[in-house]
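Numbering (the working numbering), first residue to last: 13 to 598. Before any comments, here is the structure.
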Amino acid sequence: MKILKLLNKIFLSIFFVSTIFLLSFVNAQEQPVDIWNLEKKNKSNSDIKIKTENLEGETESIFKIKQKLNNEFEILKDEYLQSNIIIVSGLYDPEKNGLKIDMWSNSNGERIKSLFNKINSMDLSSDANEILDIALLTNSYFPKNKITIEEFSKFKTDYLIKIQDLDLIKKYLINNKGIPNNDLLLKFFLNEYLSVSDLKSACSIFEDIDLLFKDDYLSKFKIYCLINQEKREEAQLLFDLKKELGFKDIFFEKKFNLLMGYVSNNANEVSEKNILDFHLSHRTNPNFSYIPNEKTPKNIWKYLSSSNLLEKIDLIDLEDVEKIKFIEKATNDKNYKERELFELYKRFQFNINQLLNVEDTYKLLPTFQGRALLYQRLLLTTDIEDKLDLCSKLKKSFINDGLENIFTEELSKILNKIQYEEVPSNFSTFYENNLITVKNKKKNIKYNNKIVHQSKLINYFLGKSEKTKVEKELNDYLKKIKKNKKYVFTTKDMMLLESLKSDGIEILDKYDSLYKPNSDIPYDIQLFIKNYETGMVLLRLVEIIGEDDLEDLGTETLNFIVNTLNLIDMDNLRNRILLKVLPLKV
Numbered sequence: 013m014k015i016l017k018l019l020n021k022i023f024l025s026i027f028f029v030s031t032i033f034l035l036s037f038v039n040a041q042e043q044p045v046d047i048w049n050l051e052k053k054n055k056s057n058s059d060i061k062i063k064t065e066n067l068e069g070e071t072e073s074i075f076k077i078k079q080k081l082n083n084e085f086e087i088l089k090d091e092y093l094q095s096n097i098i099i100v101s102g103l104y105d106p107e108k109n110g111l112k113i114d115m116w117s118n119s120n121g122e123r124i125k126s127l128f129n130k131i132n133s134m135d136l137s138s139d140a141n142e143i144l145d146i147a148l149l150t151n152s153y154f155p156k157n158k159i160t161i162e163e164f165s166k167f168k169t170d171y172l173i174k175i176q177d178l179d180l181i182k183k184y185l186i187n188n189k190g191i192p193n194n195d196l197l198l199k200f201f202l203n204e205y206l207s208v209s210d211l212k213s214a215c216s217i218f219e220d221i222d223l224l225f226k227d228d229y230l231s232k233f234k235i236y237c238l239i240n241q242e243k244r245e246e247a248q249l250l251f252d253l254k255k256e257l258g259f260k261d262i263f264f265e266k267k268f269n270l271l272m273g274y275v276s277n278n279a280n281e282v283s284e285k286n287i288l289d290f291h292l293s294h295r296t297n298p299n300f301s302y303i304p305n306e307k308t309p310k311n312i313w314k315y316l317s318s319s320n321l322l323e324k325i326d327l328i329d330l331e332d333v334e335k336i337k338f339i340e341k342a343t344n345d346k347n348y349k350e351r352e353l354f355e356l357y358k359r360f361q362f363n364i365n366q367l368l369n370v371e372d373t374y375k376l377l378p379t380f381q382g383r384a385l386l387y388q389r390l391l392l393t394t395d396i397e398d399k400l401d402l403c404s405k406l407k408k409s410f411i412n413d414g415l416e417n418i419f420t421e422e423l424s425k426i427l428n429k430i431q432y433e434e435v436p437s438n439f440s441t442f443y444e445n446n447l448i449t450v451k452n453k454k455k456n457i458k459y460n461n462k463i464v465h466q467s468k469l470i471n472y473f474l475g476k477s478e479k480t481k482v483e484k485e486l487n488d489y490l491k492k493i494k495k496n497k498k499y500v501f502t503t504k505d506m507m508l509l510e511s512l513k514s515d516g517i518e519i520l521d522k523y524d525s526l527y528k529p530n531s532d533i534p535y536d537i538q539l540f541i542k543n544y545e546t547g548m549v550l551l552r553l554v555e556i557i558g559e560d561d562l563e564d565l566g567t568e569t570l571n572f573i574v575n576t577l578n579l580i581d582m583d584n585l586r587n588r589i590l591l592k593v594l595p596l597k598v
């Protein structure tokens with residue numbers, strides 16, 4: 013406690029200011045908070061008050077700190093905050109996508125959980141993920157019926173961890189302090205950055221989330237960040253506070269004392285308990301050495317790779333069979349890069365007869381040597397059919413040994429150098445299945461005024477045309493079509509026309525009977541719309557789209573998706589979908 017006494021004068025004022033701020037903050041919470049002028053949009057919600065957040069988003073004690081006569085701090089536990097309720101979470105303004113803050117208020121929690129469980133079992137397409145992103149991250153009240161705040165917030169946490177967008181996670185954490193499961197999300201954020209040796213980005217989050225964490229791991233990480241930022245006095249104070257609360261971690265205390273300069277040497281102990289301990293093991297040992305094995309956690313593998321600590325390929329003994337197999341397994345798990353494994357394969361020595369008679373020879377060798385022979389022969393081959401044959405054999409060899417994740421990137425690079433017209437028919441399927449194509453950048457829309465859904469009417473959804481102008485153009489088109497008895501309205505035509513009508517663009521009565529709109533919206537979605545369960549509507553659309561791209565869906569499915577969005581007034585999302593599936597693009 014000597015250090016703590018010395019710091020009293022410096023930090024006592026800080027705690028007094030913090031206490032005054034906390035009291036004023038609690039008092040301020042007794043006043044209604046105006047979120048996006050809620051009273052203008054939903055008078056029934058105008059009296060809702062945002063309650064205070066606790067230190068970690070859970071109902072826990074707030075610590076009061078008072079000065080004793082001997083200038084020591086004593087941490088006292090206060091009473092529980094009876095009204096500590098968090099009712100709003102998210103990132104996006106509901107108006108941005110035509111939503112309302114009560115989009116989940118009427119929903120049944122059992123149905124929400126059931127739908128989420130189905131969705132989480134899918135490998136969603138980017139189109140489905142775009143809708144899920146809107147559903148989960150739009151600012152909204154938590155649902156209350158048969159689902160807890162913890163359960164619902166976990167769906168958000170799981171989604172953010174799954175997509176691994178660290179910038180988005182940081183924004184969410186900053187804007188949603190006190191939400192349950194944030195500890196888990198914050199740990200993921202910190203560990204991901206530290207696993208790629210980016211301590212600066214990891215520590216940056218504490219500049220915006222300045223809390224006394226209940227979780228020991230988060231507290232350790234914050235203390236370490238303070239030390240790394242040369243804020244040693246703050247680090248010492250926080251460490252002492254945690255010790256007063258019963259914190260005990262012998263490994264971390266040793267590293268803390270070493271980093272603070274209290275001891276000049278330390279045991280070269282290596283801890284794999286978590287990525288922070290492993291990083292501290294590395295940082296505090298100038299002679300650090302570590303050989304991973306099959307049980308080594310993935311984030312430690314990533315750390316070793318990003319810190320250039322993995323065993324060098326050119327130093328691996330080619331006579332060590334188990335080591336070669338281990339490197340192949342590590343490559344399959346994405347711990348070594350493909351190019352590193354193939355550099356290893358290039359080190360094997362084969363005679364000219366083995367290279368010339370590769371078809372017979374590679375089968376007689378151990379599988380890893382056979383793959384090395386196939387790869388070396390592949391590099392020497394210029395004939396396209398031979399090249400494809402060798403690629404096929406090499407890929408099959410990996411698959412047969414349970415290494416199906418290897419030879420994907422390198423194979424695609426090879427195939428990209430071969431034109432489709434040059435591929436023999438017996439290799440066309442192999443070529444198409446293994447060619448990773450980079451999606452074209454934005455294509456220009458090509459207009460075809462003979463077809464309604466490819467006409468310049470599309471410009472309305474790009475925001476390039478005024479309603480009055482579009483209304484005149486639309487009725488002019490319909491006038492021409494009425495004279496053309498052969499024109500048949502397609503489902504895509506009707507998607508465009510019904511969307512225009514939904515936005516208040518009028519079709520003259522004499523043209524209204526030219527087509528009969530047909531939109532078989534599933535019955536459960538109709539009920540969700542009727543009950544103002546917009547969040548559930550979006551979840552059902554995510555489930556329906558699933559792993560498919562919008563362009564690959566049938567027109568009938570697209571039609572009811574678009575009409576559903578028309579009914580709930582989500583024009584921005586609807587417009588993005590229409591612009592993906594209607595125009596001809598070149």
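Idealized CB from N, CA, C, for every residue including glycine. Keep in mind the model is a prediction, meaning the values are calculated, not measured.
Bridge partners - residue i, DSSP secondary structure assignment
{"i": "I457", "result": "K597"}
{"i": "Y104", "result": "T150"}
{"i": "N277", "result": "Beta-bridge pairing links N277 to no other residue."}
{"i": "N299", "result": "For N299, which the question treats as bridged, DSSP gives no partner whatsoever."}
{"i": "N157", "result": "N120"}
Limits of the alpha helix (DSSP H) - the one that residue i falls within
{"i": "N141", "result": "138-149"}
{"i": "T441", "result": "440-446"}
{"i": "V333", "result": "333-344"}
{"i": "M507", "result": "503-514"}
{"i": "M548", "result": "546-557"}
{"i": "L172", "result": "161-175"}
{"i": "W116", "result": "Run containing W116: none; DSSP gives neither H nor E here."}
{"i": "D599", "result": "Given a span of 13 to 598 for the chain in the structure shown, any question on residue 599 remains unanswerable."}
{"i": "L402", "result": "396-412"}
{"i": "K266", "result": "262-271"}
{"i": "G382", "result": "379-392"}
{"i": "Y315", "result": "310-318"}
{"i": "S601", "result": "A query on residue 601 cannot be resolved here, the shown segment of the chain reaching from 13 to 598 and no further."}
{"i": "D536", "result": "535-542"}
{"i": "D372", "result": "370-373"}
{"i": "V482", "result": "479-495"}
{"i": "L353", "result": "350-357"}
{"i": "E518", "result": "Unbroken run through E518: none, as it is neither H nor E."}
Top-ranked residue by Cα proximity to residue i, from the options
{"i": "N320", "options": "Y302, K174, E334", "result": "Y302"}
{"i": "Y205", "options": "C237, S511, N188", "result": "C237"}
{"i": "K267", "options": "E245, L253, I235", "result": "I235"}
{"i": "E350", "options": "P304, S424, S293, N365", "result": "S424"}
{"i": "L447", "options": "K458, N471, F419, L196", "result": "F419"}
{"i": "L172", "options": "K156, E142, N157, P155", "result": "E142"}
{"i": "L562", "options": "P106, M548, R586, M582", "result": "R586"}
{"i": "G110", "options": "S133, S126, K462, N151", "result": "N151"}
{"i": "N280", "options": "N286, W116, P298, I287", "result": "P298"}
{"i": "L270", "options": "L144, F233, R295", "result": "R295"}
{"i": "N344", "options": "F263, N417, I411, E323", "result": "N417"}
{"i": "E323", "options": "I339, P309, E334, K310", "result": "I339"}
{"i": "D676", "options": "L196, F200, N187", "result": "Residue 676 lies beyond the residue range present for the chain, which begins at 13 and ends at 598; the question has no answer from this structure."}
{"i": "D105", "options": "G121, P529, F259, L148", "result": "L148"}
{"i": "L241", "options": "M272, K183, D289", "result": "The residue you asked about is not Leu; residue 241 is Gln in the sequence shown. Measuring from the Cα of Q241, the nearest candidate turns out to be M272."}
{"i": "G516", "options": "K528, S525, K495, E478", "result": "E478"}
{"i": "L596", "options": "Y523, K125, I573, K504", "result": "K504"}
{"i": "L385", "options": "I573, E355, K260", "result": "E355"}
{"i": "W313", "options": "K498, H291, L330, L376", "result": "H291"}
{"i": "N412", "options": "E421, Y443, F218, T379", "result": "T379"}
{"i": "Y523", "options": "E483, F225, S531", "result": "E483"}
{"i": "D564", "options": "K495, L469, Y535, S138", "result": "S138"}
Residue i beta carbon near the ligand GDP (any heavy atom closer than 7 Å)
{"i": "T393", "result": "Ligands in the displayed structure: none, and consequently the ligand GDP is not present."}
The stretch 186-199 in contact with the stretch 162-175 per 3-pair CB rule at 8 Å | yes
contact_flag[the stretch 432-442, the stretch 396-410] where n(CB pairs < 8 Å) is 3 or more | yes
Which parts of the stretch 415-441 are runs of the alpha helix (DSSP H), unbroken and 4 residues or longer, counting only runs that do not cross its ends?
-> 421-428
Pairing CB atoms from the stretch 371-378 with CB atoms from the stretch 390-398, are three or more of them under 8 Å?
-> no
Hey, which unbroken runs of the alpha helix (DSSP H) at 4 residues or more fall wholly within the stretch 559-586?
-> 567-579
At least three beta-carbon pairs within less than 8 Å, the stretch 309-323 to the stretch 208-218 = yes
Counting pairs of beta carbons, one from the stretch 479-496 and one from the stretch 504-519, are three or more of them closer than 8 Å?
-> Contact holds: three or more Cβ-Cβ distances are below 8 Å.
If you pair each beta-carbon of the stretch 549-563 with each one of the stretch 523-541, do three or more pairs fall below 8 Å?
-> Because the criterion of three Cβ pairs below 8 Å is met, the stretch 549-563 and the stretch 523-541 touch.
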